[in-house]
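Numbering (the working numbering), first residue to last: 113 to 169. Positions of the beta carbon are idealized from the N, C-alpha and C atoms, including for glycine. Here the structure is a predicted model, which is why all the values come from computation and not from measurement. Notes follow the structure.
Encoded structure:
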């Protein structure tokens, strides 16, 4: 009944994941390949965390 008041941890992580991917895209377009690689690696680890959380639910 009060499920709408529960916080969804994966929703917050998904938003930060999409922000990281957008930053990585801009880094790639500007020629910062090293920054792009670091941001995509961070986004991948965040995606694995999202998958782990959603698998528990």
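Evaluate residue i with the Cβ neighbour count: other Cβ atoms within 10 Å of its Cβ, from every protein chain shown; 16 or more gives buried, anything less gives exposed.
i: residue 153; result: exposed
i: residue 136; result: buried
Check each candidate in the options and name the one with the smallest Cα separation from residue i.
i: residue 155; options: 119, 120, 121, 125; result: 125
How many whole angstroms separate the CB atoms of residue i and residue j, which I take to be in contact at a CB cut-off of 8 Å?
i: residue 151; j: residue 128; result: Not a contact, Cβ separation roughly 12 Å.
i: residue 166; j: residue 122; result: 5 Å
Would DSSP call residue i helix, strand or coil?
i: residue 128; result: helix
i: residue 118; result: coil
i: residue 147; result: helix
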